[in-house]
DNA sequence: ATCCCAATTGGCGTAATTTTCCAATGCTTT
DNA sequence: AAAGCATTGGAAAATTACGCCAATTGGGAT
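Chains as they are written, first to last, in the UniProt record's numbering: chain S, 1 to 152; chain U, 1 to 152.
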């Protein structure tokens, strides 16, 4: 889908606040509510907008421990890698997971109640997986930025 | 704020889709629309819900390059660190930034149009900052999970 | 067990918003 | 200039959010 400046403007605003009313958003980008509504709908259908979600504060939900984990896999078995990915996908503690170049094969962001819960995650989950050769934990000391609206 | 099971249920559903109607959400958690609405409002006011935002697909917006960057700072000047954080905060390419323990001082997630744009980001922005001693780029090959709803 | 109090709930009416429909406008191609 | 196509604005219809008030629930004191 081809995006013009108005679409980009709409997307920027909707990323910041998707509960803004159609009329207000229409005003902000300089068009009528109905025309705007159709554009938003097109963006949804094209998959540019994946979903609308509430952004919650993990600390307020009692999740006080966060870490970036560098995971190194054993080189051997492709089936085990598939199994690893499936397991990661189903693990609620893992917020993000990227396959990357560089020293680590995967970068995870893990969110837990506390250090004890994180230890349990490592012992019962991550280190139990045959695909995992080793993992290096980088505890998050401070969150400078999280999930900023995508620009452009 | 103290959260009960219903609050957690509400938060889980709102993270997945915050455009669900009050009536539908009320049904899903088994309460009346008005009672539910009050709980959602309380969650907003307590800051458990930070905001409501559209989740966009970066690839669809023409952002085809993503990397996790490990940043190492020079040890010397605290003012430069403050400057670094301020600069990061204002940089649209940087989606996430965490101060961490471990070898790297900061973990960034950077999103750009392409490799050339990323190179520009490094030369014109990251490597120009006095606080930055070195940075290691880990190109994202595949996104397994991104920003999953926080559980519990 | 009974009373009392506070907190939470459900139902309903009103105001606001979303969504659809239709005619009008502007841009391209012939 | 006319025809075809995509996009627009406005107004009506359907849905939803929001606030009020009475009813219900649960805990603590007597």
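Positions of the beta carbon are idealized from the N, C-alpha and C atoms, including for glycine.
C-alpha distance - residue 22/U paired with residue 56/S, whole-angstrom precision: 18 Å
Chain-ordered chain S contacts of residue 34/U [CB-CB under 7 Å]: The contacting residues do not exist; residue 34/U stays about 19 Å from chain S at best.
Proximity winner among 142/U, 134/U, 5/U, relative to residue 71/U (alpha-carbon distances): 134/U
Contact with chain S by residue 116/U, beta-carbon distance below 9 Å: no
Nonlocal neighbours in the same chain, by C-beta distance under 6 Å from residue 109/S, ignoring five residues either side: 68, 95, 96
Where the beta strand (DSSP E) through residue 100/U begins and ends: Counting along the chain, the beta strand (DSSP E) containing residue 100/U begins and ends at 94 to 100.
For residue 18/S and residue 53/U, believed in contact at Cβ under 8 Å, the rounded distance: 6 Å
Distance between beta carbons of residue 117/S and residue 65/S, contact taken as under 8 Å: 7 Å
Range of the contiguous alpha helix (DSSP H) that encloses residue 19/U: Where residue 19/U is concerned, there is no enclosing alpha helix (DSSP H), given that its DSSP letter is neither H nor E.
Per-residue DSSP class, three states only, for residue 142/U: The three-state secondary structure of residue 142/U, taken from DSSP, is strand.
Selected residue, minimal CA-CA separation from residue 50/U, among 40/U, 61/U, 58/U: Of the candidates 40/U, 61/U, 58/U, the one whose C-alpha sits nearest the C-alpha of residue 50/U is 40/U.
Close Cβ partners of residue 123/U (< 7 Å) along its chain, the five nearest in sequence each way excluded: none
Listed by chain order, chain S residues near residue 92/U by CB distance under 8 Å: Neighbours of residue 92/U in chain S, taken as residues at a C-beta separation under 8 Å, are given in chain order as 148, 151, 152.
Buried/exposed call for residue 100/S, threshold 16 Cβ in 10 Å: buried
Within chain S, partners of residue 63/U - CB distance below 8 Å: 150, 152
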